[in-house]
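Numbering (our numbering), first residue to last: 113 to 256.
Next up, the structure:
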């Protein structure tokens, strides 16, 4: 399917945004594709296993991923091999008293999803943007 890079500004400190995004148990509250998620250990570190139940094109799937990078409060990365390959790299940079968040995702699809990749890419990009907007709203609603 390919790479989708999205950015959003959050009016909160990078440490606050990083802590929120890396608390995988909170992902269902803001990531519309996540039904539930858990980590094999906390605090997270490279190698930590992250299991999640997600929706993909209307179907529930379980993903098993691994933390590839954990550098508070600036970088967080994950990857998964099953049921599909993906990598996600998050970057949190100070900007105007808040945080510029970049989500750089790459999803490799096979079979019918690969054939439908132009459509699935647009659907995924819209879902990712809605999730980023929900994350921003949740963080900015919290008292500073």
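Where a beta carbon is used, it is the ideal one built from N, C-alpha and C, also for glycine.
Straight-line Cα distance separating residue 240 from residue 132 | Whole-angstrom Cα-Cα distance: 16 Å.
Return helix, strand or coil for residue 125, following the three-state DSSP convention.
-> Three-state result, residue 125: coil.
Within the stretch 138–205, note down every full beta strand (DSSP E) run reaching 3 residues or more, in order along the chain.
-> DSSP runs (the beta strand (DSSP E)) wholly in the stretch 138–205: 146–151, 161–168, 171–183 and 187–194.
Using three-state DSSP, classify residue 135 as helix, strand or coil.
-> In the structure shown, residue 135 sits in coil (DSSP, three-state: anything other than H, G, I, E or B).
What's the call for residue 247, buried or exposed, on a 16-neighbour Cβ count within 10 Å?
-> Buried: at least 16 other Cβ atoms inside 10 Å.
Determine the contact status of residue 180 and residue 158, defining contact as a CB-CB distance below 8 Å.
-> Yes.
Find the nearest neighbour of residue 251 within the set 177, 124, 216 and 119, judged by alpha-carbon distance.
-> Check the Cα spacing between residue 251 and each of 177, 124, 216 and 119: the tightest is with 124.
Continuous beta strand (DSSP E) stretch holding residue 215: start and end = If you look at residue 215, you'll find it in the beta strand (DSSP E) that goes 210–220.
Compute the Euclidean distance between the alpha carbons of residue 182 and residue 127, then round it to the nearest angstrom.
-> Computed Cα separation, rounded: 13 Å.
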